[in-house]
Every structure is written in structure tokens, then in C-alpha cells.
Amino acid sequence: MILVSAGKRTFALAFSHPKVTEHRRKNYPERWTHCQIFAVEPSLAAGAPRLTLLAEGQTGCSVKDNFCKATGRKIALTYALKQLGPTFGKVDRAAVWEGYLKRCMASVETL
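By the count of the numbering used here, the sequence shown reaches residue 175 at its end, each step adding exactly one.
Next comes the structure, spelled out in C-alpha cells:
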């Protein structure tokens, strides 16, 4: 999970890459990337903070394409941010992308 701070608000990004084993039709996407954006709120009780789901985005990879997690995460994150619409300001969107890209660059540098 990626934590992102935007002013006084904190968001969490969660990604998963489920694989579909049942095919309903020809060329049905076999691999998916799923993105969830949560608002992180401090918990009154001791322990983990409370997460509130704000938006979800997902994208599928065609059977004919090469599955790439990085590309899927970018597309799924774009869809999730679009789902939030105008209520999610430009500053918040920029902070989410900046936090995501910092995390990606940090993982590349450790290789």
C-alpha cells in the first residue's frame, strides 16, 4: 500500500493483479490490474487507522498483449482518479501521482 499526503489529507493506494481462470468469450482479458484509492483517517481507538474507499479503477490486458504491471498500474490509477471526478482537486491528483511516481522510482533505485 502506498501512502500519499496532500495537505492535511492522507490517501492510500492499493494495487492487485488478479488472474482470471474462467474465459467467457474469445480474447477475454486474462490478467487484470485493480487500483483502489482510500482516504486514511486516524482511528479513535489505538491501532490501525480507518480506511474509507473513495474510488476503484481496473484495466485488463488482452491475451495477445504482454502483461506489464507498471503499465497496468498507471492505467488503473488514471481510471480511479477519473472516477473521483471534479470533487478531487488538481492539487490532490498531482500529490497522488507524485507519491506514486516517487514510490516507483524508489523501487527502481533499489534494484
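Heads up, the beta-carbon is just placed ideally off N, CA and C, and yes, glycines get one too.
| Item | Value |
| --- | --- |
| Opening and closing residue of the beta strand (DSSP E) in which G124 lies | 114-125 |
| Alpha carbon of L175 to alpha carbon of L118, nearest angstrom | Confidence at L175 is low in this model, with a pLDDT of 48, below 50, so its placement is unreliable and the value that follows should be read with caution. Looking at the two C-alpha atoms, the distance is approximately 32 Å. |
| Distance between R73 and K138 (C-alpha atoms, nearest Å) | 22 Å |
| Residue from I66, K83, L67 whose Cα sits closest to the Cα of F131 | K83 |
| Residues that DSSP places opposite R73 in a beta bridge | A70 |
| Rounded Cβ spacing between H98 and S80 (contact assumed at less than 8 Å) | 5 Å |
| Pair within 8 Å by beta-carbon distance, L141 and L77 | yes |
| R114 versus E94: straight-line alpha-carbon distance, rounded | 33 Å |
| Distance, S107 Cα to V160 Cα | 22 Å |
| C-alpha distance - P150 paired with G124, whole-angstrom precision | 25 Å |
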